[in-house]
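Notes to accompany the following structure.
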Amino acid sequence: MQILWDLRKELRCAVLVDPSSDKKDMGKQVQKDPLSDTRTIAKQVIELFATGGPENQNTVLLLQDNEHLRDHLQDFLIREITEQKISAKFPVVIILQCIRSASIIDDEEDESRTEADLLLKSRLSDKEKTSFVSKEKLIQRHHRDEMGKFHGFDIMQHNYNEEYIRKTFCSKEGKKITEYLQQNKVSRNTKLFAFLALVNSYVPGSYLLQSQCEAFLSHQDPFGVNLSFEKRMQPFSDVIVTFSRHGGEDKRVRIAHPVLAHQCVQLLADAGIARSSATLDFLQYLTRQQIQPSLLLFFKDMLTKRETTSNGQEIFSRLILDMEKREGIPQCANVLKTASETFKHDPFYPQSLARFYYIKMSDFTRAEIWAEKAKERVPTNSFIADTLGQVHKNHLYKQVNGKSGEKSGTRDILFWAEKAIKAFKQEEELAERESVNHMEGDSPTKMYHTFNNRGIFGYLQVANIVYNSLTNLNPKWRKLLTQEISAEHLSILSEDRKLMKYQTFITSLRGAVERKFYCFFESYLTYSEPRNWKDQTPYFQRDIVDCFRKYSTAPSPKEDLPLKTLKEEMASTFPGLSSLNPNANLSKITELWKIINKENPDDVNTACNYILANILQTNGPVASPEPTTLPQLRAILQKFMEKENTKLWTPEFYLLVLLLFWPEEAREGDVTNDIDLNKYVECMKQAFDNKYKKYLQSRELVPLFYLGKGAGLKRLVHKSSIDNICVHLKTGKSRTLNKTRGSGEIRHTCIQDHLLRVNGVVRVHKAFARMANKEIEICPQKQASVWKDGNISFYLGFNISGPVAFDIKYTMHTVGSGTNVQKQRDDAIRSERTRMEESKTFNRGIPMGFKTSSHIHTPTLLTEPELKNIHPQLTKTHYRLQCPHAGLFQCMLTGLVFLMERKGEVLYRTVQWDDSLLHSTGRTPAGPLFSIECPQGSVRQLHLPHCEIPSGEFYTTSSSKFKCQHLSK
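Listed below in structure tokens is the structure:
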């Protein structure tokens, strides 16, 4: 908030909080579409930017205090900017995302964090401590008699020390609260205080409405209506604050500080008012009253929200875990059950209760009952349906491992496995219907649905348990499960005739496992990865591959030998080939695909796999003795490209078209000159939307290839090459090499040495690559990086949806054309060997300050200035520019241009004009006066900004009226 206050005159500052209304509502929770709110917010932000017309537009500094909107707001803002055709030369909006958390993860190796993340901890700096001492003296002068009531201030001044809080309750006022609690455990104000402390302690940013509190106090106590709220809350008033966000709005009530609220909860527990009883008391009240919607959200978070810690996500909410630790498991189950019965339309309480029953109590019967009730409340939600499958899966696991008493026999294993798989198949069907519903229509919300893969993954986990448990009972089960022998041999394995009813179930497992792997997980894991790696469990991919290998070890009798061999190598599909280890026997794999392609020359998928194998082999560690040439591979593709039904091909087909026909330098007679790549880029997008979008839209698409500096097939750099470099570069202190591939990893020089930097242009927030006199539309990896029209340069990657631009930098115009421009660029790269890094804050949406280039005629790269000690007065502003090499650098803030002979640092600032000197010469300043220093003496030339005097009634462009004077020591 202080940042917004400091910048309120320079920028248009706004705060975005939870959009939910605080209007009262009955116990049924309002179901709202958060994306609808996000669209409205985006429109309002753009309206704020454009207020006053084109001449008065100004950047919006938006503090986003709502974690539920953080993944969608930027995309909606970009959509609004594009639809309203806003073309600004400065940032439209800067977003500061505030995520409140009770447990901050401060781990240098935390790969979910980026350089843009800033942790604000409950800890004071030395400067802040000094400021608090000065502020304390000021408070003492004006509020000497009330110093003990500034609890929030005192807590921060004592560096959030919980020991100080405990001492506070040992004071005279604190003892009054303790004595009152012991003597008035059932009074209305004690119960209200207990719940207020509870919700403030466990839900950051929570509050109660004062009207709601007064209604609670008046219940069964009508005689206290005439007393003020503060008096009715005595002796707790000193630790409670009331505030209002907007004038005239219902006031909000909370404990003075979350640390104080946490200590109050412990104080209440010591007085015999347990967390469970405080929760149950307020729940009883909520059943009979109108409720503020925000309180419903706070209550749900308190009981069901699982915090993310350095060890991963907690299994239950913090309140439930503390309640279990201090009061026992039965009390937790009672609270969750009461909440489930109170909020009869909400599925999340019975879902949490079902999880608690099977995880903490191993009561699978009750867990199944409540999981079914959760499904009944929202029968179309696949994530809610997942709980029932998890109940059965865990029941099966405990039966198999003897944790439920004694180990189960074959029939019990198959009984519970069939129940679990039935639940997971229903969940999978719901997930498919959800994805179809979100993809239909023109609503932008269709872009943001997360596909639920838990049903498919749960199926494989159950199949894995079945395989392990049955083969442990009898190794001969392996041949039956992998279909080496038919299900007719089931009677040989067991004398139990009742097992025959599971014959269909047993024989279906291998086929289902292979379909789920080949048709979903293989492409899912190869073409994408989670945006945040903590969203994917470490065992996710391991369990999938493990299950697939177990069931597919035995070859199918219908398969030919080459295909059998390829399946053993995990190279029988396009995704499988794409994820091969570079040390795989690529020569053997390519030869096998050559055989299959000759036998099936009209099969487009076989042709694609053969071409991909050749590309991988050409770029592999061992060169092919007789490599297939680029023209030969192009000829194979062109046979299919010439057919009329090209729109029916797969994204993999179009990927190969782009890779093989991507233009190099224009040459007469080049076959690529006749290929309309924009057509194939569009076809690839459509094919991706049809085949993969609903599954991958919430994940990060992985570049399968990058465009390198070589020629022919050698210029295609496979992702494994970049991955290997990243593994060698990655250190414990490095934040730029996160698992998600993107600009961060490409900034390293050793990676840049393998890649070709491509020129392009931005028009109306769309990016185009310029190659061999062609312009091809590409997708920016970060849409915000194409924030204005102009020339750009970037590294080019190819994912399963099309060409993607990484590490985008705006450039100056080059002098000359064709090979001359390329020669200038190559000379600059060879002479300098380095380029300036892209602005770190550019990725955060903060405006850039400097343009830099390694040669005056080469493309100029944009970077941020390092601003030092910026003060409100222009004459007190200091700038520092660190130039890592020789080159031309221009400051976008001041217009100054420095030609550097070598590495150096430039210090400059604006100073006051000498009024007496100006008066004596009869001149008026036409621009700022600069004081510039370079300690290393590496500035060769300095270009100062000049002002043009407009013509008009009071102005003239006559040279006699306008003089330029450069002063130097």
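Everything in the sequence shown is counted per UniProt numbering, starting at 1 for the first residue and increasing by one. Don't be surprised by glycine CBs; every beta carbon is placed ideally from N, CA and C.
- Ranked by Cα distance from Asn759, the first of Ile751, Asn791, Pro651 and Glu642 is Asn791.
- If you look at Tyr810, you'll find it in the beta strand (DSSP E) that goes Gly802 to Tyr810.
- When DSSP states are grouped into helix, strand and coil, Ala571 belongs to the coil group.
- Linking Lys643 to Trp649 through their CA atoms gives a straight-line distance of about 10 angstroms.
- With fewer than 16 other Cβ atoms inside 10 Å of its own Cβ, Lys598 counts as exposed.
- Close CB contacts of Leu580 within its chain, under the 7 angstroms cut and outside five residues either way in sequence, are with Ala571 and Leu616 (chain order).
- Judged by beta-carbon spacing, Ile94 lies beyond the 8 angstroms limit of Gln64, meaning their Cβ atoms are not closer than that value.
- Bounds of the beta strand (DSSP E) holding Pro780 are Lys774 to Pro780.
- Residue burial is scored here from C-beta neighbours: Pro347 has at least 16 other C-beta atoms within 10 angstroms and is therefore classed as buried.
- In the three-state scheme derived from DSSP, where H, G and I count as helix and E and B as strand, Asn799 is classed as strand.
- Restricting attention to Phe383, Asn437, Gly458 and Val897, the CA atom closest to the CA of Tyr539 is found in Gly458.
- The DSSP-derived three-state label of Gln313 is strand.
- Taking a contact to require three or more Cβ pairs closer than 8 angstroms, the region 203-213 and the region 248-261 qualify as touching.
- Under a 10 Å Cβ-count criterion, Cys891 is classified as buried, with 16 or more other Cβ atoms of the shown protein chains found around its own Cβ.
- Boundaries of the alpha helix (DSSP H) harbouring Glu80: Leu73 to Glu83, taken from the DSSP string.
- Shown here, Gly760 sits in a strand according to DSSP, grouped into three states.
- Assignment of beta-bridge partners to Tyr706 by DSSP yields Val717 and Gly797.
- Residue state for His257 is assigned as coil, using DSSP reduced to three classes.
- A contact is defined here as three or more CB-CB pairs under 8 angstroms, and the region 272-281 meets this definition with respect to the region 335-345.
- If only complete runs of 4 or more residues are kept, the region 172-210 shows the alpha helix (DSSP H) at 172-183 and 188-202, in order along the chain.
- Per DSSP, Lys694 lies in no beta strand (DSSP E) segment; the continuous alpha helix (DSSP H) that holds it begins and ends at Lys693 to Leu696.
- Pairing Ala385 with Leu430 gives a Cβ-Cβ distance under 8 angstroms.
- Under the 10 Å beta carbon count, Lys788 is surrounded by fewer than 16 other beta carbons and is classified as exposed.
- His395 is not a Cβ neighbour of Trp370, given a cutoff of 8 angstroms.
- In the structure shown, Arg880 falls within a strand segment according to DSSP collapsed to helix, strand and coil.
- Annotated as proximal: Arg275 and Leu198, with beta-carbon spacing under 8 angstroms.
- For Phe316, there are no CB contacts under 6 angstroms within the same chain when 5 residues up- and downstream are skipped.
- Cβ neighbours of Leu480 within its own chain (closer than 6 angstroms, five residues either side excluded): none.
- Ile240 sits buried, since 16 or more C-beta atoms from the chains shown fall within 10 Å of its C-beta.
- Gly576 sits buried, since 16 or more C-beta atoms from the chains shown fall within 10 Å of its C-beta.
- Following the DSSP letters along the chain, one finds Ser244 in no alpha helix (DSSP H), marked with neither H nor E.
- At a Cβ-Cβ threshold of 8 angstroms, Leu319 and Tyr207 do not count as neighbours.
- Within the same chain, Cβ atoms closer than 6 angstroms to the Cβ of Glu428 are found at Gly455 and Ile456, the five residues on either side in sequence being excluded.
- Counting every other CB atom within 10 Å of its CB across the protein chains shown gives Cys547 a total of 16 or more, marking it as buried.
- Collapsing the DSSP output to three states places Asn464 in a helix.
- The beta carbon of Leu303 sits closer than 8 angstroms to those of Thr279, Ser317, Leu319, Ile320, Val335, Leu336, Ala339, Tyr349 and Ser352, all from its chain and outside the five residues before and after it, given in chain order.
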